[in-house]
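Residue numbers (the numbering used here): 19 to 145.
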C-alpha cells in the first residue's frame, strides 16, 4: 500500500511512502498494471472512490445516512464493485466492462444474468 501526499507551497510538492510491503513489490505491481517507468498514480483509486461515493450513501461526503452495520456496508460495496466490473460499460475502455478487458467474460452482463450468477465475496464460505 502506498500513500501519496500533495502539498501546495510555492509549487506543488508530492511525497510518496510505501506503507506496507516493499519498494520492489510496489515497482513490480506498477510495472504489471501500468507499464514500465511509471510513478504511483492515484487517479485509478480516486475514480473508484468517486463511483462508490455516488452509489453508496454512507460514503457520500456530508451524508445524513451513516453506516450502521459494517457487514451491510461490506455487502453493498461488493454489489457495487461487481456491477462496476461486470455490468457497467466504460467509455474509457471502448464501451467494454473491466471484466471483459481482463478476459473474465466475453460480454456485458445484464442485471438478470448478474443476479443469477454465484459470485462470492472473500468473506463468504465456499463450502
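All residues carry an ideal CB built from backbone N, CA and C; glycine is no exception.
Residue range 41 to 52 is occupied by the alpha helix (DSSP H) that includes residue 45.
The closest CA to that of residue 72, considering only 61, 32 and 99, is found on 99. If you draw a straight line from the Cα of residue 124 to the Cα of residue 25, it is about 43 Å long. Within the same chain, and ignoring the five residues on either side of residue 113 in sequence, the residues whose Cβ sits closer than 7 Å to its Cβ are 107. A residue is called buried when at least 16 other Cβ atoms come within 10 angstroms of its Cβ; residue 57 does not meet this threshold and is exposed. One Cα belongs to residue 78, the other to residue 95, and the distance between them is close to 13 Å. By the neighbour-count definition (other C-beta atoms within 10 Å, threshold 16), residue 30 is an exposed residue. The alpha-carbon separation between residue 42 and residue 121 amounts to approximately 27 Å. Beta-bridge partners of residue 31 (DSSP): 25.
Scanning its chain for C-beta atoms nearer than 8 Å, with the 5 sequence neighbours on each side dropped, one finds around residue 132 the residues 100, 101, 104 and 105, in chain order.
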